[in-house]
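S.K.:
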Amino acid sequence: MDLFRGILGYRPGFEKGADHFNYIHEEFNIDFEDMLFVGDSLKDYERSRGFCNFLGLVGMFDEEAFRNSGHVGHLITNREEILNIVQSKS
123 MDLFRGILGY RPGFEKGADH FNYIHEEFNI DFEDMLFVGD SLKDYERSRG FCNFLGLVGM
183 FDEEAFRNSG HVGHLITNRE EILNIVQSKS
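Structure (structure tokens):
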């Protein structure tokens, strides 16, 4: 199973959020609803809204903070849980 086609980081003019999501959509022909953004901040969640699915990593912010920001999806406490979430969706 091909889970990752690329891992993107910051560079000037190419920031987390719309820049990355649009690049993935255009470069790899992946629909936004098939993307998953794993983030550990409320800002990460805000960036995903209107674009793609979001998986919150609890730590910097707790579950209550993610829920209060409007996130109703999955939350994890460690990165090892990502694969289980992704595989349950396929």
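Residue numbers (the working numbering): 123 to 212. Ideal Cβ positions, reconstructed from N, Cα and C, are used throughout, including at glycine.
1) Under DSSP, the beta strand (DSSP E) around residue 175 begins and ends at which residues?
2) On the three-state DSSP scale, how would you describe residue 160?
3) State yes or no: is the C-beta of residue 192 within less than 8 angstroms of the C-beta of residue 178?
4) Using CA coordinates, which residue listed in 158, 200, 196 is at the minimum distance from residue 182?
5) Taking 8 angstroms as the threshold (C-beta atoms), are residue 174 and residue 158 in contact?
6) Please report the straight-line C-alpha distance between residue 195 and residue 141, rounded to a whole angstrom.
7) What is the rounded straight-line gap between the Cα of residue 188 and the Cα of residue 206?
8) Measuring CA to CA, which of 168, 204, 211, 210 is closest to residue 190?
9) Taking the alpha carbon of residue 170 as the point to measure from, which residue in 139, 203, 144 has its own alpha carbon closest?
M.R.: Taking the geometry as given:
1) As a working mapping, residue 175 is identified with position 53 in the sequence shown. That run of the beta strand (DSSP E) goes 175-179.
2) Taking the first residue of the sequence shown as position 1, residue 160 is located at position 38. Residue state, collapsed to three classes: strand.
3) The residue labelled residue 192 in the question sits at position 70 within the sequence shown. The residue labelled residue 178 in the question sits at position 56 within the sequence shown. If you check the CB distance, residue 192 and residue 178 do not come in under 8 angstroms.
4) Counting from one through the sequence shown, the residue named residue 182 turns up at place 60. The shortest C-alpha separation from residue 182 is found at 200.
5) Numbered from 1 along the sequence shown, position 36 holds the residue referred to as residue 158. Numbered from 1 along the sequence shown, position 52 holds the residue referred to as residue 174. Taking 8 angstroms as the Cβ cut-off, residue 158 and residue 174 qualify as a contacting pair.
6) Here residue 195 corresponds to residue number 73 of the sequence shown, with the count starting at 1. Here residue 141 corresponds to residue number 19 of the sequence shown, with the count starting at 1. Cα to Cα, residue 195 sits roughly 23 angstroms from residue 141.
7) Locating residue 188 in the sequence shown gives position 66, where the first residue counts as 1. Locating residue 206 in the sequence shown gives position 84, where the first residue counts as 1. Looking at the two C-alpha atoms, the distance is approximately 20 angstroms.
8) Residue mapping note: residue 190 aligns to position 68 of the sequence shown, counting from 1. Residue 168 is the option with its Cα nearest to residue 190.
9) Position 48 of the sequence shown holds residue 170. Comparing Cα-Cα distances from residue 170 to each of 139, 203, 144, the minimum goes to 139.
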